[in-house]
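Heads up, the thing below is written out as structure tokens.
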DNA sequence: CAAGCGGATGCACACGTGTGCAAGAAACGC
DNA sequence: GCGTTTCTTGCACACGTGTGCATCCGCTTG
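Printed below as a string of structure tokens:
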């Protein structure tokens, strides 16, 4: 009663060979409908389900996808994770999740995932060592970098069009007539941060402008408060932040100082997390399409699993400017 | 180069038997230090790691924990998930995550997890069918209900002390001199909701009071707005909400109507999600200790995995009242 | 030096499954 | 009726690992 039931027991109970049971649960195999029905009935009665791990041993396909994600409590990441879950489930894939607290332990982390014979890896974490990428290539396991482009050896990548999105923010501020524009960047060394920076600076430069001040808020609310203080000291009439959490920090700090938004100060964020839509913030922001990103990541990975010969590819998801009251 | 290296290849390269390799990677096995060193060197050079799935087949321990969670984008759930990840990693356990969009598919969901031979299951989702619980008992797989108590067959449970927490909220409002108190409940049929309701009503009853109005906000911000409108129509001087998202909805609706908080209206939430601390809300709330809950869930599960004879147990985590400006 | 002993090592089996191959059965065309 | 094709079924091997058992080696002890 407390033992897991195996295919052999089903076979014995149904009076057939174990192969017949195996074929019943393997789509596309040759079994007569009469025996298949009998076997399925017996299997249901005994509560049999094939052991996915034993199956992996012989098929060399685990149907498990390793997912590495940092800062799950970041609202956008949580959203991304939920969409990822849906996209993988739709494809019948299981998700082995590992948070990445320390970036320096990605090596141990990726080897741990590989020991579970994952069919592919989706990395939505910050820093991903190139030795870890090499380890995946070594065992022919496709990798998709999600929201973190990286020109690493043979890894596919899915991300928002951060450059175009940030450029839209710059153009919007310029169109509003703002001239004393400040800029709050995210975590240095992360690709999204430098891409958004480039796009934003390009957008400003096109209007003959440059930021009057720059500070880093490390993509967090708390660090964003300090950076906001620093930027507001330069009396800007607009601030673009590389994510919404930092933009919310700017709004709160500005409010505390009596700076009126958007009259005295326009603020634009990035991500469009649920909190950005709250009436207390009504944040104008560059929206990322989490569902499209997750779907693309799953699709790219599945394709490379099916056809390992395929080269790694890159996929950009468009951003849209969501206008609310902060700009 | 693109093939996974096996213990047999390491053995051949090191000039030993495959058993020696296996023992090298099995703590507590008898191998001389000299051969262990040689094998470890060869293994490192070849990039060998034991196949965790093949190992599971013989040890009957996968070191995988199945986690079922609904509404990952709910900030408190995201926090819980992150703590859960840390707690499992600390114990060397892997996490197989499945979101539960529809409650009616928990059966298929749990069978899917079981087919991966998970050593245990943590359920942080809403409704968990008793037939699913029965399936776990059938294969001797321990289950821990997290944040969702359930008197199901042999499932352990970890949750906040919702009754005591909600009672504290009631007592606080009474101590503030509020008398026209309204109540916004969460999702009907979920244990946390009824527990908080009972604790809150008990706390009011002790002061000879009862809610002047009740509405359900289904634990969501959007539904909370509608419920807030309904409650405010009764002109209450305080509202207790069963989670923070709904309390934020109340604050926003009240603000839009010109109701002053906390002068005209005191608001208390539940969870203490990060957004509750934002200056725009400064929400007084009953804090749940996500880290303690996750640790307890992992500990309880690990204990039952080690000692299957142990009976299922229950564990309550204390809540604390966090006083901010909304009450 | 002989007997004894403990630790290291290899052999072989087991875990639960998918699948190629050959054999058998059934259906079909002439 | 017989040869031929198509479909079904069982046998046996393979996947990569842990571990009991027997063997062997080297060292200690009397």
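Chains as they are written, first to last, in our numbering: chain L, 1 to 327; chain R, 1 to 327.
From the three backbone atoms N, C-alpha and C, an ideal C-beta is built for every residue, glycine too.
Unbroken alpha helix (DSSP H) stretches of 4 residues or longer found wholly inside the segment 106-182 of chain R: 106-115, 130-138, 162-175, given in chain order. Rounded to the nearest whole angstrom, the C-alpha separation of residue 109(L) and residue 121(L) is 11 Å. At a Cβ-Cβ threshold of 9 Å, residue 268(R) and residue 240(R) count as neighbours. DSSP places residue 218(L) in the coil class of the three-state scheme, outside both helix and strand.
Unbroken beta strand (DSSP E) runs of no fewer than 3 residues, entirely contained in the segment 53-109 of chain R, are found at 64-69, 94-99, following chain order. In chain R, no part has a C-beta under 9 Å from the C-beta of residue 271(L); the shortest such distance is about 13 Å.
A Cβ of chain L is located within less than 9 Å of the beta carbon of residue 49(R). For residue 324(R), the nearest beta carbon of chain L is not closer than 9 Å to its own beta carbon. Chain R has a Cβ within less than 9 Å of the Cβ of residue 116(L). In this structure, the straight-line span from the alpha carbon of residue 289(R) to that of residue 301(R) is close to 18 Å. The beta carbons of residue 305(R) and residue 161(R) sit about 26 Å from each other, so the pair does not count as a contact at 8 Å.
Collapsing the DSSP output to three states places residue 30(L) in coil. Per the coordinates, the alpha-carbon of residue 170(R) lies some 19 Å from the alpha-carbon of residue 217(R). With contacts defined as CB atoms closer than 9 Å, residue 10(L) and residue 48(L) qualify as a contacting pair. Under the criterion of beta carbons closer than 8 Å, residue 193(R) and residue 261(R) do not qualify as touching, at roughly 24 Å.
If you check the CB distance, residue 276(L) and residue 248(L) come in under 9 Å. Within the DSSP bridge table, the entry for residue 320(R) names 287(R) as partners. Chain order gives no chain L residues near residue 125(R), where near means a beta carbon separation below 9 Å; the closest approach is about 12 Å.
In terms of beta-carbon proximity, residue 57(R) lines the interface with chain L, with at least one pair separated by less than 9 Å. Chain L places a beta carbon closer than 9 Å to that of residue 221(R), counting this residue as a contact. Annotation: Cβ neighbours of residue 75(R) in chain L (cutoff 8 Å, chain order): 73, 75, 78. Contact of residue 89(L) with chain R is assigned, a C-beta pair being separated by under 9 Å. Taking a Cβ-Cβ threshold of 8 Å, the residues of chain R close to residue 279(L) are 252, 255, 256, in chain order. Our two residues, residue 314(L) and residue 38(R), have alpha carbons roughly 42 Å apart in a direct line.
DSSP, reduced to helix, strand and coil, places residue 16(R) outside both helices and strands of the structure shown, so it counts as coil.
The Cβ atoms of residue 91(R) and residue 113(R) lie no closer than 9 Å to each other. Among the residues of chain R, those whose CB is under 9 Å from the CB of residue 139(L) are 2, 3, 4, 5, 47, following chain order. As far as DSSP is concerned, residue 237(L) takes part in no beta bridge. In this model, residue 243(L) and residue 256(R) are separated by some 27 Å (Cα to Cα).
For residue 235(R) against residue 180(R), the beta-carbon gap comes to about 7 Å, under 8 Å, which counts as contact. Nearest to residue 213(R) by C-alpha distance, out of 50(R), 187(R), 200(R), 183(R), is 183(R). From the beta-carbon of residue 82(R), the residues of chain L found nearer than 7 Å are 72, 73, 99.
For residue 264(R), there are no C-beta contacts with chain L under 9 Å, since the nearest C-beta of that chain is about 18 Å from it. By the criterion of a C-beta distance shorter than 8 Å, residue 131(R) is surrounded in its chain by 107, once the five residues flanking it on both sides are discounted.
Judged by DSSP in its simplified three-state form, residue 185(L) adopts strand. The alpha-carbon separation between residue 251(R) and residue 167(R) amounts to approximately 21 Å.
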